[in-house]
Amino acid sequence: MQSLLHHHRHCNWKYEELRPNIMGIDTEVPLLDGSRVPYVFLDNGASTPSFRHAFDVMGDFMPYYSGVHRGTGFKSILATQVYDEAHNLAGKFVGADLDVNTVIFVKNTTEAVNKLAKRVDWREGDVVITTMMEHHSDDLPWRMHAKVLHIGVDDRGYLDMDALRAAFATHKGHVRFVALTGASNITGIINPVHEVARLAHAEGAQVFVDAAQLAPHRGIDVLPQDDPGHIDFIAYSAHKMYAPYGIGVLIGPKAFFAKGDPDMVGGGVVDVVELDMVAWTAPPAREEAGSPNVPGAVGLAAAIHMLEAVGMDAVAAHEYDLVTYAIGRMKEIPGVRIYGPVEEDELRDKVGVIAFDVDGVPHAKTAAILSVEGGIGVRNGCFCAHPYVKRLMKVNEEDSARLTQELLDGDRSNLPGMVRASFGCYNNREDVDRLIEMLGIIARGAYKGTYEMDPRSGAYWPKEFDYPFTEYFPHFHFRPTQELTEFNEAS
Ligand SMILES: Cc1ncc(COP(=O)(O)O)c(C=O)c1O
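Numbering (our numbering), first residue to last: 179 to 669.
So, in structure tokens, the structure goes:
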């Protein structure tokens, strides 16, 4: 079937067109010394900026924006076709067979996992095997319903496949699901998901892959249902792939979602309602209660279109070059320690995420200096994967218990963590050079500011400095950065 998304502006995107297509790529930001520099954004693992193309296609759509599935007017019929086709594109992007699978639009990967975990017909004694490298979003939702086992990792962060096999043997007959990340949001390690799926299927379990960090970086093929290595369920987020307009994707067998009650009910999920009965409609509508995010779906479809036009292999090759270059240069800076794989032959199976720290400099301070003196946006902390970070940092049990107590007491001064630089398809070697230059300055102690730490947040900030946000974005009032004591981690 031919895609309905034939954008008249552009069909044959070239790789070099990606960077100029990033919204805000030239944005200048202020530094501590009063100068301004173009922002280097290295926090793509959290959320990527938008492709202008995604924004433009949404703009072209908005005059036709209308409620879907129920309206009879021109705009509603147009919007419905667009919305339905966006589902198909999102499914085909990961190789899903749409005869057997349904593509459900949700808010993000977190919502997808919660939905899936709620929709399983759990039985007494059911076990979910997940890993120690999961983002909390692919761990906590399962804990609400079943006994969850966390398969360990080795010192560099790789999944312990022997421990996985042993867990199947120990819990024979009870493992319902294996839920694992496609790629780690900390070390970038890509998991052998098809190998895990073969093991799981042999034991009668189903497999969920959290593709939040994989989908933006690698081509994915969930494989046909009759292949023992196929992925049963998969989820990803549009905001991590250049369409940050509030949509996420959950894909899985139609037959699974056609059974049982939807996890959320209301408008759109029914065929018939009487005062004393209700007949649910077919998925995906059955799982998309309420009026959906149609513009978000259009944005995602446009971003997918662009990524597919340049090719995910080209994205992967570019990223390999960038990661190899970055790690090679980081290794040259005394005091910089990189977590996870660093050898060239391992880097092919790692997405563009590098977690590191600088000897003797707290992670939060490094991140602050990179921002305030380098105009570089990174992230620091535990990245919503506390157990994995502590394992990689070899925090022992005693220290871990003490740190937990400190956190519960509201003191974040000793918060363990790392700094993370995560690349998007548009980052280039000049971006890496800016990072390397600043890391050299930090490692030598040659930064200029005097940084103070707020124990409530664990964040560092230079005394008497703040960003003049209103000059940049006058529509809102801003609080002083130092007052922002709540740094909730989300990615
Ligand atoms: C590996 C991984 N899984 C899940 C998530 C959750 O994604 P979202 O915040 O879009 O729900 C993230 C986001 O940071 C992630 O990195």
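In this text, a Cβ means the ideal position worked out from N, Cα and C, and glycines have one as well.
These numbers were taken from a predicted model, which means no experiment stands behind them.
Bridge partners - Gln-384, DSSP secondary structure assignment
Phe-355
Do you know offhand how far Asp-340's Cα is from Asn-292's?
28 Å
Could you compute how far the alpha carbon of Cys-189 sits from the alpha carbon of Glu-486?
10 Å
Decide yes or no for the touch test of the region 607–620 against the region 495–514: beta carbon pairs closer than 8 Å, at least 3 of them.
yes
By the 10 Å Cβ neighbour count, where 16 or more other Cβ atoms means buried, how is Glu-608 classified, buried or exposed?
exposed
How should Leu-586 be labelled, buried or exposed, when 16 other C-beta atoms within 10 angstroms of its C-beta is the threshold for buried?
exposed
Pull up the distance between the alpha-carbon of Asp-535 and that of Val-597, whole angstroms please.
6 Å
Could you work out which residue in Leu-392, Phe-651 and Val-451 is closest to Asn-222 when comparing CA atoms only?
Leu-392
Considering only C-alpha positions, which residue in the set Glu-195, Arg-197 and Leu-210 is nearest to Phe-641?
Correcting the residue identity first, residue 641 is Lys in this sequence and not Phe. Measuring from the Cα of Lys-641, the nearest candidate turns out to be Leu-210.
What would DSSP say about Gly-477, mapped onto helix, strand or coil?
helix
Is His-313 near ligand 1, with its Cβ less than 7 Å from a heavy atom?
yes
Should His-328 and Thr-309 be called a contact, given that it needs their Cβ atoms to be closer than 8 Å?
yes
Give the straight-line distance between the Cα atoms of Tyr-242 and Ala-421, rounded to the nearest whole angstrom.
19 Å
Just to check, is the beta-carbon of Gly-426 closer than 7 Å to a non-hydrogen atom of ligand 1?
yes
Just reading off the alpha helix (DSSP H) that Leu-548 is part of, what are its end residues?
541–552
Which of the three DSSP states, helix, strand or coil, is assigned to Asp-523?
helix
Restricting to Cα atoms, I'd like to know which of Gly-513, Arg-526 and Val-353 is closest to Gly-303.
Val-353
Give a single yes or no on whether Lys-418 has its beta carbon closer than 7 Å to a heavy atom of ligand 1.
yes
For His-313, which of Phe-271, Tyr-629, Pro-565 and Arg-657 has the nearest alpha-carbon?
Pro-565
Bridge partners - Asn-279, DSSP secondary structure assignment:
Pro-431
Going by DSSP, what residue range makes up the beta strand (DSSP E) through Met-616?
First-last for Met-616: 607–621, but that is the alpha helix (DSSP H), not the beta strand (DSSP E).
In whole angstroms, what is the alpha-carbon distance linking Phe-233 and Tyr-423?
9 Å
For a test of the three-state rule: what should DSSP assign to Val-493, helix, strand or coil?
helix
Taking 7 Å as the cut-off, is the C-beta of Cys-562 nearer than that to any heavy atom in ligand 1?
yes
Say yes only if the C-beta of Gly-595 is nearer than 7 Å to one or more non-hydrogen atoms of ligand 1, and no if none qualify.
no
Take Asn-279 and list the residues in its own chain whose beta-carbon comes closer than 7 Å to its own, dropping the five residues that flank it on each side.
Gly-269, Ile-429, Gly-430, Pro-431 and Lys-432
Can you determine whether any heavy atom of ligand 1 sits closer than 7 Å to the C-beta of Thr-365, and answer yes or no?
no
Looking only at DSSP bridge pairs, what is Trp-458 linked to?
Val-448
Limits of the unbroken beta strand (DSSP E) element including Ser-600:
596–600
Beta strand (DSSP E) segment containing Asn-222, residue limits
Looking at the DSSP string, Asn-222 is not in any beta strand (DSSP E), and its letter there is neither H nor E.
Beta-ladder partner(s) of Val-374, from DSSP:
None; Val-374 has no bridge partner.
Give the secondary structure of His-653 by DSSP, where H, G and I count as helix, E and B as strand, and everything else as coil.
coil
Between the C-alpha atoms of Val-207 and Arg-214, what's the straight-line distance to the nearest angstrom?
5 Å
What does the alpha-carbon distance come out to for the pair Gly-245 and Gly-445?
12 Å
Report yes if the C-beta of Thr-288 is less than 7 Å from at least one heavy atom of ligand 1; otherwise report no.
yes
For the 8 Å Cβ check, are there 3 or more pairs between the region 455–472 and the region 329–336?
no
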